[in-house]
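Asker: In this note's numbering, the protein residues as written are 27 to 410.
Even for Gly, the Cβ is constructed at its ideal location relative to N, Cα and C.
Quick caveat: nothing in here was measured; it's all calculated off a predicted structure.
Quick one: structure below, then a few questions.
And the structure:
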């Protein structure tokens, strides 16, 4: 499951001193502020000064908290508060209505991590809204620069001037060894918000709310994830990212002409599916491959396998049926994911299409999902 993009500078900037103290006690670290500049920037510098192991541990644990800081996640937090804060803590429910989403999420997380994880899982379906992937043509390594940020700000402001949005925008970036993240804050269309005037009468107050767009480039997969409500802004972010930060306007593949999936890594017998610790994936297995062998009398071979085989093991199974994984065309695959805490007995392999699994099909045929009998390691179907 993909997480909302982690921007530590923004995250800590929105925490009050009380919430920060609670978070420090939970994390068992001391963030020493240097007294220079706004409190949010001091906290960010103190966090960066922590040992790398501590930073990674804290970041991995706080990713779900960061997810729940979104405005539309607040109802989930408020429902969670009713369950977590009972009896002597019930007064916190009323007090929390004046807290920021960051403060509320941090306090609930520290109070009951298990229930918080359940609330986060319920909310996760919203995580993929407006998310689009763009695949790069070759590997690159990127670093933020003041010049690139300034160019990006000017380009996005120019774009917004031609829309109903406000022209003011702010650019923030964040980079580590795994990814480069770019955040664009801009003014939304003018909208009315009800406010009480000096006489106690409700009247509309016309404002421009601030919207956040995100573009995150993952170095290992050369993939850009863009999150924006409208297609126009998604494509604009993609194009400007390629032009300004990569230096190649044609860097990203044309999704209308290029295949969505590339199976070439499977041809390497040493290949292992890369995963992120935050996704809590224990194992990725190839459970079905559709291939086109060079044999002229065979159009297609479909082989179903039990989970747990390495790529080299898959290669040996395919070889038994005349398919050379190194050279024959691969038409489609099905992957099965096993998540942390879910053993084979909890996630039956005979039902591979579950919320915890992903099917990648490119050959157009609707798959069958029969279970493999006990003792049978794989099944092969040939189309001639």
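Going straight from the alpha carbon of residue 91 to that of residue 204, what length do you get?
Answerer: Between residue 91 and residue 204, the C-alpha separation is close to 20 Å.
Asker: To the nearest whole angstrom, what separates the beta carbons of residue 319 and residue 246, a pair I think is in contact under 8 Å?
Answerer: Wrong, their Cβ atoms sit about 31 Å apart, outside the cutoff.
Asker: Are the CB atoms of residue 187 and residue 181 nearer to each other than 7 Å?
Answerer: Not a contact, by the Cβ cut-off of 7 Å.
Asker: Apart from the five residues just before and just after residue 348, which ones in its own chain have a Cβ nearer than 7 Å to its Cβ?
Answerer: Excluding sequence neighbours, residue 348 sits near 319, 321.
Asker: Ordered along the chain, which non-local residues of its own chain (more than five positions away) have a Cβ less than 7 Å from that of residue 185?
Answerer: If we look at residue 185 and ignore the five residues flanking it on each side, its Cβ neighbours are 262.
Asker: According to DSSP, which residues form a beta bridge with residue 232?
Answerer: Residue 232 pairs with 218.
Asker: Which whole-angstrom value describes the C-beta separation of residue 52 and residue 136, a residue pair presumed to lie in contact below a C-beta threshold of 8 Å?
Answerer: So it is a contact: roughly 5 Å between Cβ atoms.
Asker: Can you check whether the CB of residue 198 is closer than 7 Å to the CB of residue 191?
Answerer: Contact: no.
Asker: What's the gap between the Cα of residue 14 and the Cα of residue 240?
Answerer: Past the edges of the chain, shown from 27 to 410, lies residue 14, and the structure says nothing about it.
Asker: Which one of 120, 80, 160, 59 has the shortest CA to CA distance from residue 276?
Answerer: Selected option, being the one with the closest Cα: 160.
Asker: Please report the Cβ distance between residue 89 and residue 125, rounded to the nearest whole angstrom; I am assuming they are in contact, meaning their Cβ atoms lie under 8 Å.
Answerer: Their Cβ separation, rounded to whole angstroms, is 21 Å, which puts residue 89 and residue 125 out of contact at 8 Å.
Asker: Pull up the distance between the alpha-carbon of residue 358 and that of residue 113, whole angstroms please.
Answerer: Distance between the alpha carbons of residue 358 and residue 113: 55 Å.
Asker: Taking the C-alpha atoms as reference points, what is the distance between residue 325 and residue 354?
Answerer: For residue 325 and residue 354, the distance between alpha carbons rounds to 12 Å.
Asker: By the three-class DSSP mapping on this structure, what secondary structure does residue 392 have?
Answerer: With a pLDDT of only 35 at residue 392, under 50, the local geometry of the prediction cannot be trusted, and no value is derived from it.
Asker: How would you label residue 288, buried or exposed, when you count the other beta carbons within 10 angstroms and need 16 or more for buried?
Answerer: It counts as exposed.
Asker: Please report the distance separating the alpha-carbon of residue 78 from that of residue 132.
Answerer: If I take the Cα positions, the gap works out to 22 Å.
Asker: Unbroken alpha helix (DSSP H) runs of length 4 or more, entirely within the stretch 238-322: which are they?
Answerer: You should have 257-266.
Asker: Please classify residue 345 as buried or exposed, where buried requires at least 16 neighbouring CB atoms within 10 angstroms.
Answerer: Exposed, since its Cβ has fewer than 16 Cβ neighbours within 10 Å.
Asker: Look at the alpha carbon of residue 82 and the alpha carbon of residue 227, and state the distance between them as a whole number of angstroms.
Answerer: Computed Cα separation, rounded: 50 Å.
Asker: Ends of the alpha helix (DSSP H) at residue 339?
Answerer: Note, residue 339: alpha helix (DSSP H), 337-346.
Asker: Using the Cβ count rule (16 or more neighbours within 10 Å means buried), how would you classify residue 342?
Answerer: Looking at its Cβ environment, which holds fewer than 16 other Cβ atoms inside 10 Å, residue 342 is exposed.
Asker: Just confirm the distance between the C-beta atoms of residue 234 and residue 252, as a whole number of angstroms; I'd bet it's less than 8 Å.
Answerer: That belief does not hold up - the Cβ atoms of residue 234 and residue 252 are roughly 22 Å apart, past 8 Å.
Asker: Buried or exposed for residue 212, please, with buried defined as at least 16 other CB atoms from any protein chain shown within 10 angstroms of its CB.
Answerer: By the 10 Å Cβ count, residue 212 comes out buried.
Asker: Round the Cβ separation of residue 71 and residue 60 to the nearest angstrom and send it over; I've been treating them as touching at under 8 Å.
Answerer: About 7 Å; that satisfies the 8 Å criterion.
Asker: Using the rule of at least 16 other Cβ atoms within 10 Å of the residue's Cβ for burial, across every protein chain shown, is residue 229 buried or exposed?
Answerer: Exposed: under 16 other Cβ atoms inside 10 Å.
Asker: Could you tell me how far apart the beta carbons of residue 278 and residue 162 are, in whole angstroms, since I believe they sit closer than 8 Å?
Answerer: Confirmed, about 6 Å.
Asker: Do you know offhand how far residue 374's Cα is from residue 280's?
Answerer: Low per-residue confidence applies at residue 374: pLDDT is 41, beneath 50, and the placement is therefore not dependable, though the value from the model is reported in the following sentence. Distance between the alpha carbons of residue 374 and residue 280 is about 38 Å.
Asker: Which word fits residue 316, buried or exposed, when buried means at least 16 other C-beta atoms lie within 10 angstroms of its C-beta?
Answerer: Burial call: buried.
Asker: How would you write the range of the beta strand (DSSP E) that residue 210 sits in, first residue to last?
Answerer: Its beta strand (DSSP E) spans residues 205-213.
Asker: Which of the three DSSP states, helix, strand or coil, is assigned to residue 169?
Answerer: Three-state DSSP puts residue 169 in coil, outside helix and strand.
Asker: What did DSSP end up calling residue 199 once you bin it into helix, strand or coil?
Answerer: Strand at residue 199.
Asker: Given that a residue counts as buried once 16 or more other Cβ atoms are within 10 Å of its Cβ, and exposed if not, what is residue 45?
Answerer: Residue 45 is buried by the Cβ-count criterion.
Asker: Is the beta carbon of residue 339 less than 7 Å from the beta carbon of residue 311?
Answerer: Not a contact, by the Cβ cut-off of 7 Å.
Asker: Please report the distance separating the alpha-carbon of residue 175 from that of residue 123.
Answerer: Their backbone Cα atoms lie some 36 Å apart in a straight line.
Asker: DSSP three-state label for residue 359, please.
Answerer: Reduced to three states, the DSSP call for residue 359 is strand.
Asker: Cutting at 7 Å between CB atoms, please list the residues of its own chain near residue 146, excluding the five before and the five after it.
Answerer: Result list for residue 146: 90, 93, 94, in chain order.
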